[in-house]
Structures are given as structure tokens and as C-alpha cells.
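The opening residue of the sequence shown carries number 1388 in the numbering used here; numbering runs sequentially from there.
Glycine residues also receive a C-beta, built at the ideal position from the N, C-alpha and C atoms.
Encoded as C-alpha cells, the structure appears first; notes follow it.
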Amino acid sequence: MKIQHDYETYVRLWRLLRRTRRLFKERHVMFCPRRILQEWLPDEATDQFIYDVCRKAGLEGYGLLPSPLESAFESRNFLIAFVSRYLDTDGPISVYPLVKRAFREVYPNVKISVMKRKKE
């Protein structure tokens, strides 16, 4: 899997996250950051790697990651932290517009921000 800070990568990651969620549901496996990273990168997902991703995302390794349909914030932060740690970048990189645009492509009928309401 080729990972970069670009739009196509985030679209692939959102789709991969959705497929992984379905796969874990079929297997009756808990959908947590640790298990996701171990599924995506079986050889590279060391304890330190998982810890760094979870710390950057503000999540716990065995904490349940909610569905992007329910709450996209945790999933968004998880994907950003994953790419950031995978590429070993610590500096401020403006990825929120890329992630938001990719989210809209994968989940066209879901808003990433729960605070925004439709105008009546």
C-alpha cells in the first residue's frame, strides 16, 4: 500500500476503513485502532507504532472506534494520525481539506461535521 499526503490516499484509506469495519463485523472482532493497524500492516504494526498513532489521534488502542456514519471525527483523526506516523511527519500539514473531500466521496450522504445542520 503506497501512502502519501494526497487526496487519492485518503479516499483509499476511507474505503479501506469501511471494508475493514465490515470484515471485523463478520468475524465478530472488535473494531479498535490496534486491531485495524494489525490488519492493515501485519509486519509494521509494532506496539510503539500503534501507541504513536493512538496518541496522535487521541484514542486508546483497545477503545472502540465508532462508525464514520455515527461520528466521523475519531475516524478522521485516526486516519490523519496513521498517515502522519507512517510517513514520520510531525510538522503541521494541512490535510483537513483533503480528508474532508475524500470523506464526501466515500460517504456522499453523510456530513463530517455533526454541528452543521441543513438550512430550512
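Below 8 Å on the Cβ atoms is my contact criterion, and I expect residue i with residue j to pass it. Report the Cβ-Cβ distance as a whole number of Å.
i: R1472; j: G1448; result: In fact, because the Cβ distance is near 13 Å, the residues do not count as touching under 8 Å.
i: A1468; j: Y1394; result: Actually they are not in contact, since the Cβ atoms of A1468 and Y1394 sit about 18 Å apart, beyond 8 Å.
i: L1424; j: I1437; result: 5 Å
How long is the line joining the alpha carbons of residue i and residue j, rounded to whole angstroms?
i: F1460; j: R1402; result: 16 Å
i: L1428; j: P1455; result: 21 Å
i: T1407; j: A1432; result: 16 Å
i: M1388; j: R1405; result: 16 Å
i: Q1435; j: F1465; result: 16 Å
i: G1445; j: D1430; result: 23 Å
Should residue i go down as buried or exposed, given a rule of 16 or more other Cβ atoms within 10 Å for buried?
i: T1396; result: buried
i: Q1391; result: exposed
Could you check what DSSP says for residue i in three-state terms: helix, strand or coil?
i: Y1397; result: helix
i: K1487; result: helix
i: L1410; result: helix
i: P1495; result: coil
i: I1390; result: coil
i: L1404; result: helix
Inside the segment 1425-1472 only - alpha helix (DSSP H) runs reaching at least 4 residues: Note on the segment 1425-1472: whole alpha helix (DSSP H) runs with a minimum of 4 residues are 1434-1444, in chain order.
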